[in-house]
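Heads up: the structure comes next, in structure tokens.
There are 2 protein chains.
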Amino acid sequence: MDRQVQKPEGVVLTRKGLATRQRIVEATSALVREHGTAATTLDDVRARTATSKSQIFHYFPGGKEELLLAVAEYETDRVLLDQEPYLSELTSWQAWQNWRDLVVRRYREAGVHCPLGVLITELGRKTPAAQALTGRLLERWQDRLRVGVEHMQLSGEIDPGLDADRVAASLIAAVQGGVTVLLSTGGIGHLEAALDTSLALLRATGVTPRWRDPESDVASMG
Amino acid sequence: MDRQVQKPEGVVLTRKGLATRQRIVEATSALVREHGTAATTLDDVRARTATSKSQIFHYFPGGKEELLLAVAEYETDRVLLDQEPYLSELTSWQAWQNWRDLVVRRYREAGVHCPLGVLITELGRKTPAAQALTGRLLERWQDRLRVGVEHMQLSGEIDPGLDADRVAASLIAAVQGGVTVLLSTGGIGHLEAALDTSLALLRATGVTPRWRDPESDVASMG
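Those protein sequence lines, which keep their order, are chains V and D. Residue numbers for the first sequence follow numbering that gives the first Met the number 0, beginning at 0 and rising by one. Residue numbers for the second sequence follow numbering that gives the first Met the number 0, beginning at 0 and rising by one.
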């Protein structure tokens, strides 16, 4: 993802400007975690960051909507980072299990206040820009899962006949669905059931004998 | 589900009262579909139903929050009904496929305006009462899926070693996750991928030979 931050007019921010912008984003993220998006006002952000309203509009000419989009992007970067080092190295069932455990732990801790879940749902429906951003963020996530599935297919631990991208999409849906139920009921059980069932069923498609030489993982990747 | 409608004080409504209450619920449902929950006011409901504000509060003493809960319950009844006759008769892979097609078609038509998805997410986080209602509604849905999975296990078309309730929970998550992505990006692909992958993987666990006498389905249910 392009990390260069541009204002809509195309003006590249200075290092100091970037730091202030980031400070505003992080403070807003914290406010959204505490109070939700609806109850978070620009006045709250101003007070929390000791900035002026004109400063906030300097960095976010679109106001609250644009600021919340930046928070969503920040939160998704965090979500993806929180899943490392496993998300980018899904090369064994142990790695998949570790990834599953990380995801469950993260959402268990975030609970019904999961900021990304809130933002994805609340921002997503409102504007085409928000939909496009959310789509790109889900794509990045799905892309890493797809690479992991393809790796497991190459080593024979997932049926190579399966469409890796659709399997990755179904894992994205499993996580999002588990989180949606968590947001609705407060229970983590659906997220756990969705991930455990998906991984167990994928594992059952593997054709690799259990006694296979682990070295062949490497060989098959050549 | 108990169809008797009681006001909080325990007063059972008359038939005419029930009809008026239902009319208010259905009109609110339509308004929510058109404008979303946030933009739907009690004044809109009053205008649409030609009722007075005091009438609305007679049926929904808790105001908009209580009315939206009733709408969520109504929408979920509709969602479950929309999945019939397949949801209650998931006794063959054809029935599961038909169910999958119905679900996809329904959400494709509802698009980003899916009223239940909106209501579950927006109401769910707000009050313990809404969480409990949402939980019960998901339970009814999951219960029917579990019965279907158990049927397929009895006929050997799904591995009897799988925990039917967790499989059903994962299917609920697949639907909810697909819908969440739909609400966020406008794309139906994740819902389709989630259901298709889940059903294909479940089907692959079946131990029943393809040439099996179809009659044995019945026998194994005895």
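Beta carbons are placed, not taken as given, at the ideal position from N, Cα and C, and that holds for glycine. Here the structure is a predicted model, which means the values were calculated and not measured.
For residue i, would you say it is in contact with chain A, using Cβ-to-Cβ distances shorter than 8 Å as the test?
i	result
Ala-94 (chain D)	The structure shown contains no chain A; the protein chains it does contain are V and D.
If we count the other Cβ atoms within 10 Å of its Cβ and call it buried at 16 or more, is residue i buried or exposed?
i	result
Gln-141 (chain V)	buried
His-34 (chain D)	exposed
Asp-53 (chain D)	Reading off the sequence, residue 53 (chain D) comes out as Ser, not Asp. Its Cβ having fewer than 16 others within 10 Å, Ser-53 (chain D) is exposed.
Gly-160 (chain D)	exposed
Glu-138 (chain V)	exposed
Gln-222 (chain V)	The question about residue 222 (chain V) has no answer, for chain V in this structure spans 0 to 221.
Arg-145 (chain D)	buried
Gln-93 (chain D)	exposed
Thr-39 (chain V)	buried
Gly-221 (chain D)	Low confidence applies here, because Gly-221 (chain D) scores a pLDDT of 33, under 50, leaving its location unreliable; read the following figure in that light. Answer is exposed; the Cβ neighbour count stays below 16.
Ser-51 (chain D)	exposed
Gly-177 (chain V)	buried
Glu-74 (chain V)	buried
Leu-80 (chain D)	exposed
Ala-129 (chain D)	buried
Gly-147 (chain D)	buried
Arg-104 (chain V)	exposed
Val-31 (chain V)	buried
Ala-109 (chain V)	buried
Glu-64 (chain V)	exposed
Throw me the rounded Cβ distance for the residue i and residue j pair, which I believe falls under 8 Å.
i	j	result
Gln-82 (chain V)	Thr-179 (chain D)	Not a contact, Cβ separation roughly 18 Å.
Val-166 (chain D)	Leu-201 (chain D)	7 Å
Asp-158 (chain D)	Thr-196 (chain D)	Actually they do not touch by this definition, with Cβ atoms about 16 Å apart.
Leu-22 (chain V)	Leu-12 (chain V)	Per the sequence shown, residue 22 (chain V) should be read as Arg rather than Leu. That belief does not hold up - the Cβ atoms of Arg-22 (chain V) and Leu-12 (chain V) are roughly 12 Å apart, past 8 Å.
Thr-230 (chain D)	Gly-134 (chain V)	In the structure as shown, chain D starts at 0 and stops at 221, and residue 230 (chain D) therefore has no counterpart that could be examined.
Ile-187 (chain V)	Tyr-106 (chain V)	7 Å
Leu-67 (chain D)	Thr-36 (chain D)	6 Å
Ser-169 (chain D)	Ala-193 (chain V)	4 Å
Val-78 (chain D)	Thr-27 (chain D)	Actually they do not touch by this definition, with Cβ atoms about 16 Å apart.
Ala-172 (chain V)	Ala-199 (chain D)	Rounded, the Cβ-Cβ distance is 14 Å, inconsistent with contact.
Leu-41 (chain V)	Gly-62 (chain V)	7 Å
Trp-95 (chain V)	Leu-86 (chain V)	Contact flag wrong, Cβ pair sits at about 10 Å.
Quick one: which chain D residues come within Cβ less than 9 Å of residue i?
i	result
Ala-192 (chain V)	Asp-162, Asp-164, Arg-165, Val-166, Ala-167, Ala-168, Ser-169, Ile-171, Ala-172
Ala-203 (chain V)	Asp-158, Leu-200, Ala-203, Thr-204
Ser-28 (chain V)	By Cβ distance, chain D contributes nothing, its closest Cβ being about 17 Å from Ser-28 (chain V), past 9 Å.
Leu-86 (chain V)	The premise fails here: Leu-86 (chain V) is roughly 17 Å from chain D at the closest Cβ pair, so nothing lies under 9 Å.
Leu-79 (chain V)	By Cβ distance, chain D contributes nothing, its closest Cβ being about 16 Å from Leu-79 (chain V), past 9 Å.
Leu-144 (chain V)	Those do not exist, as Leu-144 (chain V) stays about 12 Å from chain D at its closest Cβ, beyond 9 Å.
Gln-152 (chain V)	Neighbours of Gln-152 (chain V) on chain D: none; closest Cβ ~14 Å, over 9 Å.
Can you name the residues of chain V whose CB is closer than 7 Å to the CB of residue i?
i	result
Thr-40 (chain D)	Result: empty, since nearest Cβ-Cβ is about 16 Å, beyond 7 Å.
In this structure, does DSSP put residue i in helix, strand or coil?
i	result
Ser-261 (chain V)	Residue 261 (chain V) falls outside the range modelled here, since chain V spans only 0 to 221, and no answer is possible.
Leu-80 (chain V)	helix
Ala-173 (chain V)	helix
Val-206 (chain D)	coil
Arg-127 (chain D)	Per the sequence shown, residue 127 (chain D) should be read as Pro rather than Arg. Three-state DSSP puts Pro-127 (chain D) in a helix.
Ser-219 (chain V)	Its pLDDT being 41, under 50, Ser-219 (chain V) is placed unreliably by the model, and the measurement read from it follows with that caveat. Ser-219 (chain V): helix per DSSP, three-state reduction.
Ile-23 (chain V)	helix
Met-0 (chain D)	Residue confidence is low: Met-0 (chain D) scores 40 on pLDDT, short of 50, so the model does not pin down where it sits. Its coordinate-derived value is still stated next. Met-0 (chain D): coil per DSSP, three-state reduction.
Leu-86 (chain V)	coil
Phe-56 (chain D)	helix
Ala-49 (chain V)	coil
Thr-75 (chain D)	helix
Asp-195 (chain V)	helix
Thr-133 (chain D)	helix
Asp-142 (chain D)	helix
Leu-200 (chain D)	helix
Ala-29 (chain V)	helix
Ala-38 (chain V)	coil
Glu-214 (chain V)	Interpretation of Glu-214 (chain V) is limited by its pLDDT of 48, a score under 50 that renders its predicted location unreliable; the figure taken from the coordinates is listed afterwards. Residue state, collapsed to three classes: helix.
Leu-161 (chain D)	coil
Glu-65 (chain V)	helix
Gly-155 (chain D)	coil
Could you name the residues of chain V that residue i contacts, counting a contact when the two beta carbons are closer than 8 Å?
i	result
Val-11 (chain D)	By Cβ distance, chain V contributes nothing, its closest Cβ being about 29 Å from Val-11 (chain D), past 8 Å.
Since residue i meets chain D, which of its residues come closer than 7 Å, beta carbon to beta carbon?
i	result
Thr-196 (chain V)	Arg-165, Val-166, Ser-169
Leu-66 (chain V)	What Leu-66 (chain V) touches in chain D: nothing, since even the nearest Cβ is about 19 Å away.
Gln-175 (chain V)	Gly-176, Thr-179, Val-180
Gln-82 (chain V)	None at all; the shortest Cβ gap to chain D is about 16 Å.
Leu-101 (chain V)	Within chain D, no residue comes near Leu-101 (chain V); the closest Cβ sits about 18 Å away, beyond 7 Å.
What does residue i touch in chain D if you count any residue whose Cβ is under 8 Å from its own?
i	result
Leu-89 (chain V)	Within 8 Å Cβ-Cβ: nothing; Leu-89 (chain V) doesn't reach chain D, min ~16 Å.
Thr-133 (chain V)	Ser-183, Thr-184
At a cut-off of 7 Å, would you count residue i as near the ligand NAP, judging by its Cβ distance to the nearest heavy atom?
i	result
Phe-56 (chain D)	Questions concerning the ligand NAP fall outside what the structure shown contains, since it holds no ligand whatsoever.
Closer than 9 Å by beta-carbon distance: list the chain V residues that pair up with residue i, in chain order.
i	result
Gly-188 (chain D)	Arg-165, Ala-168
Leu-17 (chain D)	Chain V residues near Leu-17 (chain D): none, gap ~27 Å exceeds 9 Å.
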